[in-house]
Amino acid sequence: MKVRVHVSLKPGVLDPQGRAIQHSLEGLGFNGVHDVRAGKLIELDVDESVSDEALDDMCRKLLANMVIENYRIERVAA
Amino acid sequence: MSGFRSAVITFPGSNCDRDMADALEKVSGNQPFRVWHGDAELPERLDFIALPGGFSYGDYLRCGAIASRSPIMRAIVEAAGRGVPVLGVCNGFQVLTESGLLPGALLRNSGIRFVCREVPLAVANSQSLFTSGYEAGQVVTMPVAHHDGNYFADDATLDRIEGEGRVAFHYADDVNGSVRNIAGILNEAGNVLGMMPHPERAIEPEQGGSDGRVLFESAVKGLVDA
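Those protein sequence lines, which keep their order, are chains V and G.
For the first sequence, position 23 matches number 23 in our numbering, and the numbering has no gaps at all.
Heads up: take any position in the second sequence, counting from 1, add 78, and you land on our numbering.
In structure tokens:
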């Protein structure tokens, strides 16, 4: 089954990449964009038997750096 | 001196490992062991371990993230726990924070650009194994070359490491947005140093300066005298 892991920078952690995207949007003439935060999406194809605990462990041990990032796990129906 | 046993670890994408090995050999008179990331064990009775700069695993996922989970890192974490000195420079610093041996993380430079130039550094702790040859407050010059050198930790962690004298170097000027201008930090026991500037690129005048040599001399002298 498909699992999506959404990794985002914690609030308060500076995101220079997001800021550059925001400036670029402004340059293209889009108004009203107050802030941009860039994260990443990691898609896993896993066996049905992989538990929520195991997925959580994967996030904490590798997929996210808990010092600077939050993560959210989403199981996607096939 | 006889038998200074050091090791330089090479990950796929390391590119400062030869400079690091060269610096250690010139200062100690002994050729370091060259250790591959996939090795499970370190050479015995090491006096010093160096994690070099570069772009291990192409900086995939996060800088240093994949390297910090490679087989050799289990042996390095264990050796660091026994008190073996470990120096991580640039990507090596990123590997040390990702492995949990040092607190905090290294983010994209606040100015977004890659920064490659010589920078002035203020020595914040001149008592450590790595910095005893410097004077406290002395300003030295070393090159930096990084895209992700923006040191970050939460305020409680910063207060603690500053209070414990664990900041080894500050940038004299803002280089990359690092909180409190932190350029290098020590672990609690003082035997692990991570820093973004490159001491191994400043060991003889032909390189533009030799302020980095003092760091290696301090470590070699400290270990021989001990």
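Note that the Cβ used here is the ideal one computed from N, Cα and C, for glycine as well.
From a predicted model like this one, the values you see are computed outputs, not experimental measurements.
Looking at the C-beta of L185/G, does it have a partner C-beta in chain V at a distance below 9 Å? Locating residue 185/G in the second sequence gives position 107, where the first residue counts as 1. With respect to chain V, the C-beta atom of L185/G has a partner C-beta closer than 9 Å.
Report the option in V298/G, G81/G, C168/G, W114/G whose CA atom is closest to the CA atom of S210/G. The sequence position of residue 210/G within the second sequence is 132, counting from 1. Ranking the options by Cα distance to S210/G, first place goes to V298/G.
Does DSSP put R147/G in a helix, in a strand, or in coil? As a position in the second sequence, residue 147/G is number 69, starting the count at 1. In the structure shown, R147/G sits in a helix (DSSP, three-state: H, G or I).
Which term fits A261/G, buried or exposed, when burial requires 16 or more other beta carbons within 10 angstroms of its beta carbon? Along the second sequence, read from residue 1 onward, the residue named residue 261/G stands at position 183. It counts as buried.
Give a yes or no on whether the minimum CB-CB distance between V13/V and chain G is below 9 Å. Taking the first residue of the first sequence as 1, we reach residue 13/V at position 13. Chain G, which has a Cβ nearer than 9 Å to the Cβ of V13/V, makes this yes.
Could you confirm whether any beta carbon from chain G is found closer than 9 Å to the beta carbon of I73/V? Position 73 of the first sequence, counted from the first residue, corresponds to residue 73/V. Not closer than 9 Å to any Cβ of chain G, the Cβ of I73/V fails to qualify, so no.
Give the secondary structure of K2/V by DSSP, where H, G and I count as helix, E and B as strand, and everything else as coil. Stepping through the first sequence from its first residue, residue 2/V is reached at position 2. Note: K2/V maps to strand in three-state DSSP.
Is F230/G near L184/G, with beta carbons less than 9 Å apart? Walking along the second sequence from the start, residue 230/G turns up at place 152. Walking along the second sequence from the start, residue 184/G turns up at place 106. One thing to note: F230/G has its Cβ within 9 Å of the Cβ of L184/G.
Helix or strand or just coil, what does DSSP make of H248/G? As a working note, residue 248/G is residue 170 in the second sequence. In the structure shown, H248/G adopts extended strand secondary structure according to DSSP, grouped into three states.
Of all the options L271/G, L199/G, M273/G, C194/G, which has the alpha carbon lying nearest to the alpha carbon of D251/G? Along the second sequence, read from residue 1 onward, the residue named residue 251/G stands at position 173. The shortest C-alpha separation from D251/G is found at L199/G.
Does chain G have any CB closer than 9 Å to the CB of L62/V? The count along the first sequence starts at 1 and reaches residue 62/V at position 62. Cβ-Cβ to chain G under 9 Å: yes for L62/V.
Check the C-beta distance from S206/G over to L301/G and give it rounded, since I have them as a contact under 8 Å. For this step, residue 206/G is matched to residue 128 along the second sequence. For this step, residue 301/G is matched to residue 223 along the second sequence. The pair is not a contact, with the Cβ atoms about 13 Å apart (cut-off 8 Å).
Expressed to the nearest angstrom, what Euclidean distance is found between the alpha-carbon atoms of M273/G and R60/V? One-based indexing of the second sequence puts residue 273/G at position 195. One-based indexing of the first sequence puts residue 60/V at position 60. Each residue's Cα considered, the two are about 25 Å apart.
Going straight from the alpha carbon of R258/G to that of S49/V, what length do you get? Numbered from 1 along the second sequence, position 180 holds the residue referred to as residue 258/G. Numbered from 1 along the first sequence, position 49 holds the residue referred to as residue 49/V. Cα to Cα, R258/G sits roughly 46 Å from S49/V.
When you compare the CB of Q17/V with every CB in chain G, is at least one pair closer than 9 Å? Indexing the first sequence from 1 puts residue 17/V at position 17. Yes, contact with chain G.
For the region 58 to 78 of chain V against the region 4 to 22 of chain V, do three or more pairs of beta-carbon atoms, one drawn from each stretch, fall closer than 8 Å, so that the two count as touching? These segments touch.
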